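A.B. asks: Below is one structure. I have some questions about it.
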Amino acid sequence: MALKTLIIGGGAGGTTLALALHRIGVEAVVYERDSEPPAAEGHLLSVGSNGLDALRAIGVELDGFPIPRLPMYSGTGKYMGTLYNNAASDTAPTSLLIGRGKLDRTLRDLCAERGIRVEYGKELTSCTVTDDGATAVFADGTTAEGDVLVGADGAHSRVRRSLFPQTPDASYTGVLGLGGRSRPGSLEPTPGVCVASFGYEGHFSYHVEADRSVQWLAFAPRKEPVGPDDSTTVEEWKEWLLDVYDRDMPALREILSDATGPFDIRPMERLPKPPARHRGRAVLIGDACALTGRIGAGTALAMEDAVVLAQCLRDTDSPKSAFAIYERLRTPRVDKVVKWGELNAKPVKVRTPWGMHLRNLFGPLLMKWMPSLVSMDWLYGHHIDWQRTVRPQGETG
Ligand SMILES: Cc1cc2nc3c(=O)[nH]c(=O)nc-3n(C[C@H](O)[C@H](O)[C@H](O)COP(=O)(O)OP(=O)(O)OC[C@H]3O[C@@H](n4cnc5c(N)ncnc54)[C@H](O)[C@@H]3O)c2cc1C
1 MALKTLIIGG GAGGTTLALA LHRIGVEAVV YERDSEPPAA EGHLLSVGSN GLDALRAIGV
61 ELDGFPIPRL PMYSGTGKYM GTLYNNAASD TAPTSLLIGR GKLDRTLRDL CAERGIRVEY
121 GKELTSCTVT DDGATAVFAD GTTAEGDVLV GADGAHSRVR RSLFPQTPDA SYTGVLGLGG
181 RSRPGSLEPT PGVCVASFGY EGHFSYHVEA DRSVQWLAFA PRKEPVGPDD STTVEEWKEW
241 LLDVYDRDMP ALREILSDAT GPFDIRPMER LPKPPARHRG RAVLIGDACA LTGRIGAGTA
301 LAMEDAVVLA QCLRDTDSPK SAFAIYERLR TPRVDKVVKW GELNAKPVKV RTPWGMHLRN
361 LFGPLLMKWM PSLVSMDWLY GHHIDWQRTV RPQGETG
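Right, dumping it as structure tokens:
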């Protein structure tokens with residue numbers, strides 16, 4: 001199909017889609033709200049084997065730290081068990097850790113290398129869609145017309161709100177994600193693992209590199225989200241975080257004391273399921289249509305969405321049937337991941353040392369008895385066979 005595609009949002013979903021469409025000869029332009037690519041490395045982000053498998057399908061390999069395992073500790077440092085953060089198959093790519101800013105930059109650079117236009121400073125304010133095409137309207141007063149418009153514009157998607165104005169927007173869960181890098185300290189390198197700690201108040205993950213510098217991500221409870229005009233300084237955030245993790249293992253305090261900033265700060269949000277993933281000539285991918293919470297799956301899921309959508313456009317004769325098949329293929333899987341994310345939505349606070357004692361006692365047993373906690377192959381082992389044709393019933397084969 002010769003289709004001019006307008007992709008709104010240059011995050012992992014939008015850029016993966018642009019690369020996938022390029023692979024099948026479909027013209028796409030990415031319109032990104034930010035005025036420039038991210039300068040900072042960003043918080044620690046885990047890209048699951050399934051996302052890397054989706055990228056591999058379209059000839060993209062990422063660079064990062066392989067992280068097949070997540071050893072879990074309680075706040076006091078008691079080992080509770082190891083979660084496998086990877087597909088079971090030896091041939092699947094190994095899940096990677098990478099800074100969020102670095103990931104977005106890498107994918108956008110790849111778009112540029114392959115001649116795909118990424119336009120910055122293009123904040124979509126509204127869009128109109130018909131059965132024949134779509135128009136995007138931007139805050140700078142310009143418009144763009146295309147045959148197809150894709151909402152890859154994240155949790156507060158303007159595209160979703162234009163398509164389904166009755167659906168409530170994403171809302172804050174009361175948990176803030178903050179992360180960044182700390183200068184080299186005394187912690188030993190942690191090759192192949194990302195350490196996860198379930199503390200009194202919050203959850204904390206870190207990875208120590210060979211030079212002993214640390215990349216980390218904290219999920220901390222906080223009543224109010226952080227607004228765009230927030231003026232809290234790095235030192236003030238550090239003080240707050242040191243207070244949140246005050247009773248937890250000493251490693252966290254060392255990491256936080258040595259943190260250099262800038263911090264990447266993002267709210268954890270929930271999103272009611274929109275009535276559909278598409279309307280007319282517009283379609284949604286990634287966070288624009290589903291949020292998966294703290295389980296570290298959203299990026300890979302957005303990449304899967306993007307590659308499957310490109311396959312559907314490749315193998316059908318109209319956007320209408322492509323979108324219908326895409327919806328049928330993606331909904332059951334994404335719903336399952338969202339449900340899993342909801343189960344893990346809030347860090348369970350422990351108020352007293354006695355409560356932590358119980359966690360230390362029962363946490364390891366829980367990890368042992370619940371293989372579903374340990375084996376996550378249903379999530380990470382998902383494979384996209386790019387060569388196979390998508391069928392109208394919504395199956396590949
Ligand atoms: C604190 C935190 C930690 C996380 N950790 C992980 C993790 O470890 N692993 C994992 O897989 N997932 C993780 N996630 C989830 C992950 O960030 C998302 O699922 C993923 O980024 C979704 O990609 P996306 O492209 O759909 O959306 P986004 O990454 O949100 O990209 C949307 C893009 O659209 C742009 N945009 C927004 N509005 C407009 C507009 N109106 N016009 C034009 N452009 C617009 C934005 O600037 C952005 O570049 C985490 C999320 C949070 C909040």
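At position 329 of the sequence shown the residue is numbered 329 (the UniProt record's numbering), and the sequence of numbers has no breaks. C-beta: ideal position from N, C-alpha, C; glycine also. None of these values were measured; they are calculated from a predicted model.
1. Given this structure, state the Cα-to-Cα distance separating Thr-389 from Cys-312, to the nearest angstrom.
2. Enumerate in chain order the residues of its own chain whose CB-to-CB distance from Val-60 is below 7 Å, with the five nearest sequence positions on each side excluded.
3. Would you check if the distance between the CB atom of Leu-62 and the CB atom of Leu-55 is smaller than 8 Å?
4. If we call anything under 8 Å between Cβ atoms a contact, is Gly-9 one with Gly-154?
5. For ligand 1, I want to know if Tyr-31 counts as a neighbour, meaning its beta carbon is within less than 7 Å of at least one of the ligand's heavy atoms.
6. Determine the burial state of Phe-65: buried for a count of at least 16 other Cβ atoms within 10 Å of its Cβ, exposed for fewer.
7. Could you tell me which whole alpha helix (DSSP H) segments of length 4 or greater appear in the segment 148–207?
8. Can you name, in chain order, every residue of its own chain whose Cβ lies under 7 Å from the Cβ of Asp-315, other than the five neighbours on each side?
9. If you measure from the CB of Val-47, is any heavy atom of ligand 1 nearer than 7 Å?
10. Would the C-beta of Arg-299 count as close to ligand 1, meaning under 7 Å from any of its heavy atoms?
11. Where do the N-terminal and C-terminal ends of the beta strand (DSSP E) with Ile-98 fall, by residue?
12. Could you check where the alpha helix (DSSP H) with Val-226 kicks off and where it finishes?
13. Using only the alpha-carbon positions, how far apart do Arg-359 and Thr-352 sit?
14. Looking at the structure shown, is Thr-233 part of a helix, part of a strand, or coil, going by DSSP?
15. Among Lys-349, Lys-122 and Val-307, which one has its Cα closest to the Cα of Ile-285?
16. Does the beta-carbon of Gln-215 have 16 or more other beta-carbons within 10 angstroms, so that it is buried, or is it exposed?
17. CB His-43 to CB Gly-179, shorter than 8 Å?
18. Is there at least one non-hydrogen atom of ligand 2 closer than 7 Å to the beta-carbon of Gly-9?
19. Reducing DSSP to helix, strand and coil, say where Tyr-120 ends up.
20. Have a look at the DSSP bridge pairing and note the partners of Cys-127.
21. What are the start and end residues of the alpha helix (DSSP H) that includes Val-44?
22. Please determine, among Ser-205, Ala-210 and Gly-202, the residue with the shortest C-alpha to C-alpha distance to Pro-191.
23. Out of Ala-322, Glu-304, Pro-225 and Trp-240, which has the shortest C-alpha to C-alpha gap to Val-334?
24. How is the beta strand (DSSP E) around Thr-299 delimited, first residue to last?
25. So Gly-51 packs on Thr-299, CB below 8 Å; how close in whole Å?
26. Beta-carbon within less than 7 Å of Arg-108's beta-carbon, same chain only, minus the 5 sequence neighbours each way: which residues are those?
27. For a quick check, are the C-beta atoms of Ile-7 and Val-29 less than 8 Å apart?
28. For Ser-321, which of helix, strand or coil comes out of DSSP?
29. Starting from Lys-4, trace the beta strand (DSSP E) both ways and give me its first and last residue.
30. Could you check whether the Cβ of Asp-385 sits closer than 7 Å to any heavy atom belonging to ligand 1?
31. With hydrogens ignored, establish whether the beta-carbon of His-278 is closer than 7 Å to any heavy atom of ligand 1.
32. Which value, in whole angstroms, describes the spacing of the CA atoms of Gly-397 and Met-376?
33. Identify the residues that DSSP records as bridge partners of His-278: which are they?
34. Exposed or buried, Phe-362, counting other C-beta atoms within 10 Å across all chains shown (16 or more means buried)?
35. Locate the beta strand (DSSP E) running through Arg-270, then write down its first and last residues.
36. Could you tell me how far apart the beta carbons of Arg-294 and Phe-219 are, in whole angstroms, since I believe they sit closer than 8 Å?
C.D. replies: The short version:
1. Within the sequence shown, the letter at position 389 stands for residue 389. Within the sequence shown, the letter at position 312 stands for residue 312. When rounded, the distance between both Cα atoms is 8 Å.
2. Here the question's residue 60 lines up with position 60 in the sequence shown. Within the same chain, Leu-19 and Leu-110 come within 7 Å of Val-60 by CB-CB distance, once the 5 residues on both sides are set aside.
3. Residue 62 sits at position 62 when you count from the first residue of the sequence shown. Residue 55 sits at position 55 when you count from the first residue of the sequence shown. Leu-62 is a Cβ neighbour of Leu-55, given a cutoff of 8 Å.
4. Numbered from 1 along the sequence shown, position 9 holds the residue referred to as residue 9. Numbered from 1 along the sequence shown, position 154 holds the residue referred to as residue 154. For Gly-9 and Gly-154, yes; Cβs fall inside 8 Å.
5. In the sequence shown, counting from the first residue as 1, residue 31 sits at position 31. Remark: the C-beta of Tyr-31 is in contact range of ligand 1, defined as less than 7 Å to any heavy atom.
6. In the sequence shown, counting from the first residue as 1, residue 65 sits at position 65. Within a 10 Å sphere around the beta-carbon of Phe-65 sit 16 or more other beta-carbons, which makes this residue buried.
7. If we require 4 residues or more, the alpha helix (DSSP H) runs fully inside the segment 148–207 come out as 158–163.
8. Numbered from its first residue, the sequence shown carries residue 315 at position 315. Within the same chain, Thr-389 and Val-390 come within 7 Å of Asp-315 by CB-CB distance, once the 5 residues on both sides are set aside.
9. Position 47 of the sequence shown, counting from 1, holds the residue named residue 47. True, at least one ligand heavy atom lies under 7 Å from that Cβ.
10. Stepping through the sequence shown from its first residue, residue 299 is reached at position 299. The amino acid occupying residue 299 in the given sequence is Thr; Arg does not appear at that position. Indeed, a heavy atom of ligand 1 lies less than 7 Å from the Cβ.
11. Locating residue 98 in the sequence shown gives position 98, where the first residue counts as 1. In the DSSP annotation of this structure, the continuous segment of the beta strand (DSSP E) that includes Ile-98 starts and ends at 96–99.
12. Your numbering for residue 226 matches position 226 in the sequence shown. Here Val-226 belongs to no alpha helix (DSSP H), and DSSP marks it neither H nor E.
13. Translated into the one-based positions of the sequence shown, residue 359 becomes position 359. Translated into the one-based positions of the sequence shown, residue 352 becomes position 352. Their backbone Cα atoms lie some 11 Å apart in a straight line.
14. Translated into positions along the sequence shown, residue 233 becomes position 233. In the three-state reduction of the DSSP assignment, Thr-233 falls in the coil class, being assigned neither a helical nor a strand state.
15. Against the sequence shown, residue 285 aligns to sequence position 285. Out of Lys-349, Lys-122 and Val-307, the CA that lies nearest to the CA of Ile-285 is found in Val-307.
16. Along the sequence shown, read from residue 1 onward, the residue named residue 215 stands at position 215. Buried is the call here.
17. For the purposes of this step, residue 43 is taken as the residue at position 43 of the sequence shown. For the purposes of this step, residue 179 is taken as the residue at position 179 of the sequence shown. Going by C-beta atoms, His-43 is nearer than 8 Å to Gly-179.
18. Among the ligands modelled here, namely ligand 1, ligand 2 does not occur.
19. Along the sequence shown, read from residue 1 onward, the residue named residue 120 stands at position 120. Assignment of Tyr-120 by DSSP, reduced to helix, strand and coil, places it in the coil class.
20. Within the sequence shown, numbered from 1, the residue matching residue 127 stands at position 127. Beta-bridge pairing links Cys-127 to Ala-136.
21. Position 44 of the sequence shown, counting from 1, holds the residue named residue 44. The sequence given here has Leu at residue 44, not Val. Leu-44 -> not in any alpha helix (DSSP H); beta strand (DSSP E) instead, spanning 44–47.
22. For the purposes of this step, residue 191 is taken as the residue at position 191 of the sequence shown. Minimum Cα distance to Pro-191 is reached at Ala-210.
23. In the sequence shown, residue 334 corresponds to position 334, counting from 1. In terms of Cα proximity to Val-334, the closest of Ala-322, Glu-304, Pro-225 and Trp-240 is Glu-304.
24. In the sequence shown, counting from the first residue as 1, residue 299 sits at position 299. Element bounds for Thr-299: not the beta strand (DSSP E) but the alpha helix (DSSP H), 298–315.
25. Taking the first residue of the sequence shown as 1, we reach residue 51 at position 51. Taking the first residue of the sequence shown as 1, we reach residue 299 at position 299. Yes, they are in contact, since the Cβ atoms of Gly-51 and Thr-299 sit about 6 Å apart, within 8 Å.
26. In the sequence shown, counting from the first residue as 1, residue 108 sits at position 108. Cβ within range, chain order: Gly-10, Thr-15, Pro-37 and Val-118.
27. As a first step, residue 7 is located in the sequence shown; it is residue number 7 there, counting from the start. As a first step, residue 29 is located in the sequence shown; it is residue number 29 there, counting from the start. In terms of Cβ geometry, Ile-7 and Val-29 form a close pair [threshold 8 Å].
28. As a working note, residue 321 is residue 321 in the sequence shown. Secondary structure of Ser-321 (DSSP, three-state): helix.
29. Position 4 of the sequence shown, counting from 1, holds the residue named residue 4. Per DSSP, Lys-4 belongs to the beta strand (DSSP E) from 4–8.
30. Looking up residue 385 in the sequence shown gives position 385. Asp-385 Cβ: outside cutoff for every heavy atom of ligand 1.
31. In the sequence shown, counting from the first residue as 1, residue 278 sits at position 278. For ligand 1, not one heavy atom lies less than 7 Å from the Cβ of His-278.
32. As a first step, residue 397 is located in the sequence shown; it is residue number 397 there, counting from the start. As a first step, residue 376 is located in the sequence shown; it is residue number 376 there, counting from the start. Confidence at Gly-397 is low in this model, with a pLDDT of 42, below 50, so the placement of that residue is unreliable and no value is reported for it.
33. Residue numbering aside, residue 278 sits at position 278 when the sequence shown is read from its first letter. Per DSSP, Val-283.
34. What you label residue 362 is simply residue 362 of the sequence shown in a count that begins at 1. Result: exposed.
35. Along the sequence shown, read from residue 1 onward, the residue named residue 270 stands at position 270. Its beta strand (DSSP E) spans residues 264–270.
36. Sequence index remark: in the sequence shown, residue 294 carries index 294 (1-based). Sequence index remark: in the sequence shown, residue 219 carries index 219 (1-based). Your pair Arg-294 and Phe-219 checks out as a contact, with CB atoms roughly 6 Å apart and the cut at 8 Å.
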